[in-house]
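Chains as they are written, first to last, in our numbering: chain A, 3 to 295; chain B, 5 to 220. Cβ atoms here follow ideal geometry from the backbone N, Cα and C, with glycine treated the same way. Working notes, structure below.
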Amino acid sequence: MSTPSVLYDAPGPRARRRAAVGGAIATLVVVILIGVAVKRFADQGQFAGQLWGPILNPLDPDFNAVWKLIGRGVLATLTAAVLAIAFSLLIGGAVGVARMMLGRRSRIPIVGLIELLRGLPVVITIYFASRVLPELGVDLTGMPGGSGLWFLVIGLTAYNCVIIAEIIRAGVASLPGGQREAALAIGLTPGATMRLVLLPQAVRVMLPALISQLVVILKDTSLAAVLGLYTELLRQGNLIALNLHNPIQILSVVGVIFILINYNLSRLATWVDQRSVRKVAPKPTEAIPAEVV
Amino acid sequence: MDAITQNLDLFWSGFLRSLTICLWGAVGSLILGTIIATCRVAPVAPLRTFGTAWVTVIRNCPLTVVLVMFAFGLPEIGINADFYTFGLAGLIIYTSAFVCEGLRAGINSVSAGQAEAARAIGLTFTQSLTQIVLPQAFRTSIPPVGSVIIAMIKNSAVVGAFGVGRDLFSVGESLTSAQGYAALPVLTGVAIGYLMMTLPAGLGLGALERRVAIAR
């Protein structure tokens, strides 16, 4: 085992033998399961050339069109995600700072709003935006990208801005209290303390969490496909599969694209996390509730 | 507000249906997640590989893609079921990856010194596992796994949007689309229904966390 585990001691000869036998059995089971699945796919003709050809064979008449549509879908997904994360950062930053800087009583509405939006499914906020905004006379049809994109972005932003506000608050709370006291002691106003001392450090601490939230936003853009709002990657895939009658093959491609993007974002988050631990001198103490200490 | 008061029984049945989906989802994903977590920390390399692959693939794939794959992919290879079964299965499999990571984080948070100390005072492997390591790991796992379950409650709306039918989301959709009610009051009712599940769950989780919190 590469890392020492808290669960087991270093294995002796008997344990190693047992692990080897267990490993062989486990491998066998997995291989059999994969074999059954492959046979199932083959029996149902899922490996047929006409199903995979448009994706894998450059000579297939549909090959170029399929990949062009998929590329357009990826671009649409990224557009929605980038817009949503940008608005969420702007609004979420403002909401988070407002919550931290307002007095105990005047921040009640903001805390209420945060709790309310945090408890709602994001698919509801998107659906809400797409149905209620037109009812209230908000007309987004003239916006670049079409109204569907903006309903999606508004719904995603409504949910994610409060998440980001909470991430930033947690980041500021994790800083040593002396930072704020020292800044105030040298005569900075509370606003300047927040802007010049606390936020820059908090964002650094919270960068991994912010990147992880980007993964969530990217995944949630595909909700637009369920609601039929906006032709992003998943809906584009569904449309292609409808024409070519190969849902498994096209959806596998869609899934792999999502997994590749998100896996690399997650790795980036881990990398940033490890890097910041090394660079920032004192690792921020965990916010321990007072009654525990 | 008439839209809510006139259809209160519809909302209530939708709420119960969503609650049922959530309960089965929670039970299923906790069981499956525990199995996957066991694989991930097993002393057997192929099982670990399997667990890691499961988590990596499913965690990075949107729930919607998992659901579409179930609903439109599986029938292609001759596996047929109703949307309710597919939706629930997709939700359980998706959530299991996150439950697994929560449990694993708990196990990893137990410092090796605990197991070494247990060993040093002469506890056997089973004793050290059941009396020293797992109780601590379980306590540390409660916050992350609890958040995962709350997220799953919210994700049950996605399963509803997929066409399970008669759940809270579907009730809202049919009232606004087919029956022509104004969207604002109906969707407010739907939102209240979900908040009735997520807010108490959050409060209960907070209380539980405080109860089992350990000072290290």
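1) Less than 8 Å separating the beta-carbons of S132/A and L231/A?
2) Taking the CB atoms as reference points, tell me whether V69/B and L236/A lie closer together than 8 Å.
3) Exposed or buried, what is R21/B when buried is set at 16 or more other beta-carbons lying within 10 Å of its beta-carbon?
4) Could you give the distance in angstroms between the alpha-carbon of L135/A and the alpha-carbon of G157/A?
5) Using a beta-carbon distance below 8 Å, is A250/B in contact with chain A?
6) Please list the terminal residues of the continuous alpha helix (DSSP H) segment that includes S33/B.
7) Using the Cα positions of A30/B and L9/A, report the straight-line distance between them to the nearest angstrom.
8) Mind listing the chain B neighbours of E137/A? Cutoff is C-beta to C-beta under 7 Å, in chain order.
9) Tell me, to the nearest whole angstrom, how far the beta carbon of A93/B is from that of V59/B; I am working on the premise that it is less than 8 Å.
10) So, V174/A versus M103/A, is the Cβ gap smaller than 8 Å?
11) What's the gap between the Cα of I39/B and the Cα of A160/A?
12) At the 8 Å Cβ level, is V255/A part of the contact set with chain B, yes or no?
13) Which residues of chain A have a Cβ atom closer than 9 Å to the Cβ of R123/B, listed in chain order?
14) Whole alpha helix (DSSP H) runs in the segment 145-178 of chain A with 4 or more residues, listed along the chain?
15) Mind pulling the chain B residues with CB within less than 7 Å of P1/A?
16) Would DSSP call P13/A helix, strand or coil?
17) Which residues of chain A have a Cβ atom closer than 8 Å to the Cβ of Q135/B, listed in chain order?
18) If you measure from the beta carbon of N84/B to each beta carbon in chain A, is any gap under 8 Å?
19) List the endpoints of the continuous alpha helix (DSSP H) containing S97/B.
20) Can you give the Cα-Cα distance for L61/A and L241/A, rounded to whole angstroms?
Taking the definition as stated:
1) yes
2) yes
3) The residue in question, R21/B, is buried, as its Cβ has 16 or more Cβ neighbours within 10 Å.
4) 11 Å
5) In this structure chain B extends from 5 to 220, so residue 250/B is not present and cannot be described.
6) L12 to V45
7) 26 Å
8) Per Cβ cutoff of 7 Å: A186, A187 and L188.
9) The C-beta separation of A93/B from V59/B comes to about 18 Å, leaving the pair out of contact by the 8 Å criterion.
10) no
11) 36 Å
12) Output row for V255/A: interface = no.
13) D11
14) DSSP runs (the alpha helix (DSSP H)) wholly in the segment 145-178 of chain A: 148-175.
15) Given a span of 3 to 295 for chain A in the structure shown, any question on residue 1/A remains unanswerable.
16) coil
17) At a beta-carbon threshold of 8 Å, none of the residues of chain A lie near Q135/B; the nearest stands roughly 13 Å away.
18) no
19) This sequence places Ile at residue 97/B; Ser is not what is there. Run containing I97/B: F87 to S113, per the alpha helix (DSSP H) assignment.
20) Taking the Cα positions, L61/A is about 22 Å away from L241/A.
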